[in-house]
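A.B. asks:
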Amino acid sequence: MAIAEQQPDAVATLGWTGVLHEWTTTVDHKKIGILYVLMSLVFLVVAGLEAILMRCQLLVPRNDFLPPNTFNQLFTMHGTTMVFFVGMPILIGVGNYLVPLMIGARDMAFPRMNALGFWATLFGGILVYSSYATGGAPAIGWFAYAPLTERTFARSAATDLWALGLLVSGIGTLTSGINFIATILGMRAPGMTLRKIPFFPWTMLWTSVQIVFAIPPLTAALIMVLLDRNLGAHFFDTQNGGSAYLWQHLFWFFGHPEVYILVLPAFGMVSEVIPVFSRKVLFGYEFMAAATAAIAFISMGVWAHHMFAVGMSKTLDLYFAAASLLVSIPTGIKFFNWLATMYGGKIRFASPMLFAFGFLSMFLIGGLTGIMLAIAPFNFQLSDSYFVVGHFHWVLIGGTLFGLFSGLHYWYPKVTGRMLSERLAQWQFWLLLIGFMLTFGPMHISGVLGMPRRIYTYDANRGWEFWNQITTLGALIQVPSYALFVINITWSYFKGKPAGDDPWNAWTLEWATTSPPPSYNFEEIPHVRSRRPLWDLKYPDDPDWKYE
Amino acid sequence: MTATTLSSRQHAPESEDIPLTVTQIGMIAFLASEVAFFSTLIVAYLTFLGKDTIGPTPAEALSLRVPLVSTVFLLSSSGAIYLAERGLHSARPGAFRKWWALTILLGAAFLAGTLYEWSELIGVHRLTISRNLFGTTFYTLVGFHALHVTCGIIAMLVLLGLSWRCGLSATKGGGVELVSWYWHFVDAVWLVVFSVVYWWGR
């Protein structure tokens, strides 16, 4: 491969304003990807601090650390931020950086629309946070149930800013979804048929399909909220015949695919990491690919399992329970394939693999509590309790975040040309794993003991005190873990060991170019003949395409 | 390496899989998202249909006179844009511009019909967006469709200007094809909206 070209010192040649100008006007998918990830990390810190404040309030019964209204604002902003300004943009950012590299393209299909997507997401986030300037953030919860969002109950402009911010960032998300679809379907390197596509781009494709079908209904519903609030329309205005029930359907029609938008890319990341660190090809590629598509399809039809306690008809309850249970089949296929990939492999316990293990074990537990909650009668009992909070954090952190960290540790050397400190990464992993289990494990118990979500305080004699204290302790243990990650990526950027083009001895195209890749990615667009094009290059005597 | 070989869209897509260009794929994905958007508005319309306790009801307020004429305008504009595209492909820029301008005019006539209808609804029937559930859902659904027609007209005006100033050709005028897809889509949405609002809903 070409010798890594010397990256000239950008500040020396351009000056600070030049660098700033370059990054704000860039349409390079790699720079935009980095901007997405950095923005998400800032929002992650903000939303994490909001969570810590809430945990401090719940440390002891009848605490008056935070007033109730502030508490309501905090859980609204925590949820909104984590879903819209951390989870989605960080996955889209990683996808932005990697998808063109992995499929052998020079950029995304629509580079300027790509930049538009990032800036719309960022300004959407700023709009949502500007609601604090109206005298307080909205206190409506992240799923903003009607009629709480009506003027009658949320009088300040905070809720308008919240809706506008999500609308604007939703447009950003939608453009990136469209961009991924066009890029992955239309710009693969010669020879890379759909059946030879690396697994991470494959999951990004299906995530994007879900974005395309799930975001517009949210946009429409947010427009209805804004019309209700500002022009006196009656969509969700229950006093004038509007329907709170309609909002729930519309929101969860977006909200449930959203869960899979957040987790499919993480599936893709560990599906890249596990084979490389087990020194085996991904087991059952076709089944994995089909399972991804199946999850995308089925998850479009399960949204009302968030609404069992509303009192839908028995038929709807049955349908949505059965459909939700059905998702566990393709997900199970994936699990067995990951395990089979590792089986008999030469496993290396480097940090990406460690996080992949964390993903496998934790996401499994989150999936199992999901099966419990899909059973309607069980759900009646525990709806809106801390059990639900424990469940979805287990899925989103145990699944998405562990998978994401696996990917970030795996691809950091490609992005920066330097290795992360393995020691810091191990500390980060163990602190996160322990802190995470201590935080969200006890929530299942306090939920079963009857603690509702979103209460700002509780009485001492309920038996919830101990479990809440463990939860708060766990949250505090997680703090240094995130700090170590920030320290690690900063320190390694300047002082890390040089990585070389292919530090993990991997097989996909992004490792065939330099680290960091030049702005044009590849000097020559590679020709692909198998699912492991780099293996074919490394071992011309024993190429994969002979056997596929 | 020259600038052309670095262009991101240089290498042709693998036609063995998908015989479309990236811009075509992108447009299809965008139109799919629009399907989801309009479906949501239609679901809201149907949810509240007939649930009003105060009038006016669709049967009282809506007349078919103006919308039928508007519909004819919009549907024939699909034919006009098809002829415009054919003009472009057979390298007759004059024919392209003539039919393209006619498409714009027909779209504008449709919008004029909507304006007339709305002024009647507001002035005579006192139906506003805040009057009742029918007003709320009607203006949102029909209004967002009209907004899409407006966006299409703006895009067509831009391309018309480009055609005048720089000339468009079948190879250089990719935007023409995509805008015509969008226009046909907006037309198809109107057929659904018309059936739901003026036929089924009355």
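These protein sequence lines are chains Y and F, in that order.
Residue numbering for the first sequence follows our numbering, starting at 430 and increasing by one per position.
Residue numbering for the second sequence follows our numbering, starting at 1498 and increasing by one per position.
Beta carbons are placed, not taken as given, at the ideal position from N, Cα and C, and that holds for glycine.
This one's a predicted model, so the numbers in the text were calculated from it and none came from an experiment.
Using DSSP bridges, identify the partner residues of Pro881 of chain Y.
C.D. replies: Sequence index remark: in the first sequence, residue 881 of chain Y carries index 452 (1-based). Bridge partners of Pro881 of chain Y according to DSSP: Y:Ser814.
A.B. asks: Quick check: the Cα distance between Ala534 of chain Y and Pro619 of chain Y, rounded to an integer number of angstroms?
C.D. replies: Position 105 of the first sequence, counted from the first residue, corresponds to residue 534 of chain Y. Position 190 of the first sequence, counted from the first residue, corresponds to residue 619 of chain Y. Roughly 10 Å between the two C-alpha positions.
A.B. asks: Give me the Cβ distance between Leu1608 of chain F and Asp1549 of chain F, rounded to the nearest whole Å; I'm assuming they're in contact under 8 Å.
C.D. replies: To locate residue 1608 of chain F, count along the second sequence from 1; it is residue 111. To locate residue 1549 of chain F, count along the second sequence from 1; it is residue 52. Wrong, their Cβ atoms sit about 27 Å apart, outside the cutoff.
A.B. asks: With 16 other CB atoms within 10 Å as the buried threshold, where does Phe951 of chain Y fall?
C.D. replies: As a first step, residue 951 of chain Y must be located in the first sequence, where it is residue number 522. Buried is the call here.
A.B. asks: Tell me where the alpha helix (DSSP H) around Ile832 of chain Y begins and ends.
C.D. replies: The count along the first sequence starts at 1 and reaches residue 832 of chain Y at position 403. Sequence check: residue 832 of chain Y is Gly here, not Ile. Here the alpha helix (DSSP H) through Gly832 of chain Y covers 831-845.
A.B. asks: From Leu551 of chain Y to Leu449 of chain Y, what does the alpha carbon distance come to, in whole angstroms?
C.D. replies: Locating residue 551 of chain Y in the first sequence gives position 122, counting from the first residue. Locating residue 449 of chain Y in the first sequence gives position 20, counting from the first residue. Taking the straight line from one Cα to the other gives about 16 Å.
A.B. asks: Quick check: Gly546 of chain Y and Thr499 of chain Y, are their CB atoms within less than 7 Å of each other?
C.D. replies: If you number the first sequence from 1, residue 546 of chain Y lands on position 117. If you number the first sequence from 1, residue 499 of chain Y lands on position 70. Contact flag unset, no.
A.B. asks: Quick one, which of F:Thr1611, F:Gly1664, F:Ser1666, F:Ser1660 has its alpha-carbon nearest Phe1641 of chain F's?
C.D. replies: The sequence position of residue 1641 of chain F within the second sequence is 144, counting from 1. Measuring from the Cα of Phe1641 of chain F, the nearest candidate turns out to be F:Thr1611.
A.B. asks: Between Phe858 of chain Y and Gly787 of chain Y, how many whole angstroms is the CB-CB distance? I'm expecting something under 8 Å.
C.D. replies: For this step, residue 858 of chain Y is matched to residue 429 along the first sequence. For this step, residue 787 of chain Y is matched to residue 358 along the first sequence. That pair is a contact at about 7 Å.
A.B. asks: Measuring only the C-alpha atoms, how far is Phe609 of chain Y from Gln502 of chain Y?
C.D. replies: Stepping through the first sequence from its first residue, residue 609 of chain Y is reached at position 180. Stepping through the first sequence from its first residue, residue 502 of chain Y is reached at position 73. Approximately 34 Å between the Cα atoms of the pair.
A.B. asks: Along the alpha helix (DSSP H) that carries Pro1555 of chain F, what are the first and last residues, could you check?
C.D. replies: As a position in the second sequence, residue 1555 of chain F is number 58, starting the count at 1. That run of the alpha helix (DSSP H) goes 1555-1558.
A.B. asks: Please name the residue, chosen from Y:Met848, Y:Trp840, Y:Gly799, that lies closest to Gly827 of chain Y on a Cα-to-Cα basis.
C.D. replies: By one-based count along the first sequence, residue 827 of chain Y stands at place 398. The candidate whose alpha carbon is nearest that of Gly827 of chain Y is Y:Gly799.
A.B. asks: Classify Ile626 of chain Y: buried if its beta carbon has 16 or more other beta carbons within 10 angstroms, exposed otherwise.
C.D. replies: Residue mapping note: residue 626 of chain Y aligns to position 197 of the first sequence, counting from 1. Buried, by the Cβ-count rule.
A.B. asks: Taking the alpha carbon of Leu520 of chain Y as the reference point, which residue from Y:Ala562, Y:Leu473, Y:Leu482 has its own alpha carbon closest?
C.D. replies: For this step, residue 520 of chain Y is matched to residue 91 along the first sequence. Per the Cα distances, Y:Leu473.
A.B. asks: So Ala611 of chain Y contacts chain F; which residues on that side make the cut at Cβ distance below 8 Å?
C.D. replies: The residue you call residue 611 of chain Y lines up with position 182 of the first sequence. By Cβ distance, chain F contributes Val1519, Thr1520, Ile1522, Gly1523, Ala1526.
A.B. asks: I need the DSSP call for Ala433 of chain Y, collapsed to helix, strand or coil.
C.D. replies: Residue 433 of chain Y sits at position 4 when you count from the first residue of the first sequence. Bear in mind that the predicted position of Ala433 of chain Y carries a pLDDT of just 43, short of 50, making it unreliable; the figure below should be weighed with that in mind. Coil at Ala433 of chain Y, not helix or strand.
A.B. asks: Taking only beta carbons into account, state which residues of the stretch 599-632 of chain Y come closer than 8 Å to chain F, listed in chain order.
C.D. replies: Leu603, Gly606, Ile607, Asn608, Ile610, Ala611, Thr612, Leu614, Gly615, Met616, Arg617, Ala618, Pro619, Gly620, Met621, Thr622, Leu623
A.B. asks: Using a Cβ-Cβ cut-off of 8 Å (strictly less than) and excluding sequence neighbours within five positions of Leu1624 of chain F, which residues of its own chain qualify?
C.D. replies: The residue you call residue 1624 of chain F lines up with position 127 of the second sequence. If the five residues before and after Leu1624 of chain F are omitted, its C-beta is found closer than 8 Å to the C-beta atoms of Pro1553, Ala1558, Leu1618, Phe1631, Gly1632, Phe1635, all from its own chain and listed in chain order.
A.B. asks: Take every Cβ of the stretch 803-820 of chain Y, pair it with every Cβ of the stretch 762-778 of chain Y, and state whether three or more of those distances are shorter than 8 Å.
C.D. replies: no
A.B. asks: Can you list, in chain order, the residues of its chain whose CB lies under 6 Å from that of Ala611 of chain Y, leaving out five sequence neighbours each side?
C.D. replies: Residue numbering aside, residue 611 of chain Y sits at position 182 when the first sequence is read from its first letter. The answer, listed in chain order, is Ala538.
A.B. asks: Please tell me whether Phe1534 of chain F and Ala649 of chain Y are closer than 7 Å, where the distance is taken between their beta carbons.
C.D. replies: As a first step, residue 1534 of chain F is located in the second sequence; it is residue number 37 there, counting from the start. As a first step, residue 649 of chain Y is located in the first sequence; it is residue number 220 there, counting from the start. Yes, they are a contact pair.
A.B. asks: So if DSSP puts Pro927 of chain Y in a beta bridge, which residue, or which two residues, is it bridged to?
C.D. replies: Within the first sequence, residue 927 of chain Y is the residue found at index 498, counting from 1. In the DSSP output, where bridge partners are listed per residue, Pro927 of chain Y has Y:Arg847.
A.B. asks: Could you pull out every unbroken alpha helix (DSSP H) segment of at least 4 residues lying fully inside the stretch 477-559 of chain Y, listed in chain order?
C.D. replies: Every alpha helix (DSSP H) of 4 residues or more that sits fully in the stretch 477-559 of chain Y is shown, in chain order, as 497-509, 517-531, 540-558.
A.B. asks: Going by other Cβ atoms of all chains shown within 10 Å of its Cβ, with 16 needed for buried, is Asn917 of chain Y buried or exposed?
C.D. replies: Indexing the first sequence from 1 puts residue 917 of chain Y at position 488. Around the beta carbon of Asn917 of chain Y, 16 or more other beta carbons sit within 10 angstroms, so the residue counts as buried.
A.B. asks: Can you pull the chain F neighbours of Val471 of chain Y, defined as C-beta to C-beta under 8 Å?
C.D. replies: Residue mapping note: residue 471 of chain Y aligns to position 42 of the first sequence, counting from 1. By Cβ distance, chain F contributes nothing, its closest Cβ being about 28 Å from Val471 of chain Y, past 8 Å.
A.B. asks: Roughly how many whole angstroms lie between the Cα atoms of Ser598 of chain Y and Ala549 of chain Y?
C.D. replies: Working through the first sequence from its first residue, we reach residue 598 of chain Y at position 169. Working through the first sequence from its first residue, we reach residue 549 of chain Y at position 120. Roughly 5 Å between the two C-alpha positions.
A.B. asks: For the stretch 639-660 of chain Y, which residues have a beta carbon sitting closer than 9 Å to at least one beta carbon of chain F?
C.D. replies: Ile640, Val641, Phe642, Ala643, Ile644, Pro645, Pro646, Leu647, Thr648, Ala649, Ala650, Ile652, Met653, Leu656, Asp657, Leu660
A.B. asks: If you measure beta-carbon to beta-carbon, which residues of the stretch 1528-1549 of chain F are closer than 9 Å to chain Y?
C.D. replies: Ala1529, Ser1530, Glu1531, Val1532, Ala1533, Phe1534, Phe1535, Ser1536, Thr1537, Leu1538, Val1540, Ala1541, Thr1544, Phe1545, Lys1548, Asp1549
A.B. asks: How many whole angstroms separate the CB atoms of Thr900 of chain Y and Met866 of chain Y, which I take to be in contact at a CB cut-off of 8 Å?
C.D. replies: Walking along the first sequence from the start, residue 900 of chain Y turns up at place 471. Walking along the first sequence from the start, residue 866 of chain Y turns up at place 437. Not really, about 11 Å apart at Cβ, beyond 8 Å.
A.B. asks: Can you confirm whether His663 of chain Y, when its beta carbon is compared against all beta carbons of chain F, has any partner nearer than 7 Å?
C.D. replies: Here residue 663 of chain Y refers to the residue found at position 234 of the first sequence. True, the Cβ-Cβ gap to chain F drops below 7 Å.
A.B. asks: What does Ser1627 of chain F touch in chain Y if you count any residue whose Cβ is under 8 Å from its own?
C.D. replies: Here residue 1627 of chain F refers to the residue found at position 130 of the second sequence. Residues of chain Y passing the Cβ test: Leu660, Gly661, Ala662, His663.
A.B. asks: Could one say the Cβ of Leu675 of chain Y lies closer than 7 Å to chain F's Cβ atoms, at least one of them?
C.D. replies: Residue numbering aside, residue 675 of chain Y sits at position 246 when the first sequence is read from its first letter. Closer than 7 Å to some Cβ of chain F, the Cβ of Leu675 of chain Y qualifies, so yes.
A.B. asks: As a quick exercise: from Y:Gln810, Y:Tyr911, Y:Val702, pick the residue whose alpha carbon is nearest that of Gly876 of chain Y.
C.D. replies: Position 447 of the first sequence, counted from the first residue, corresponds to residue 876 of chain Y. Looking only at Y:Gln810, Y:Tyr911, Y:Val702, the smallest Cα-Cα distance to Gly876 of chain Y is reached by Y:Gln810.
A.B. asks: Please state whether DSSP places Arg1488 of chain F in a helix, a strand or coil.
C.D. replies: Chain F is shown only over 1498 to 1699; residue 1488 of chain F falls outside these bounds and no answer can be derived.
A.B. asks: Mind the definition here: the stretch 662-673 of chain Y touches the stretch 574-582 of chain Y only if three or more C-beta pairs lie below 8 Å; say whether that holds.
C.D. replies: yes
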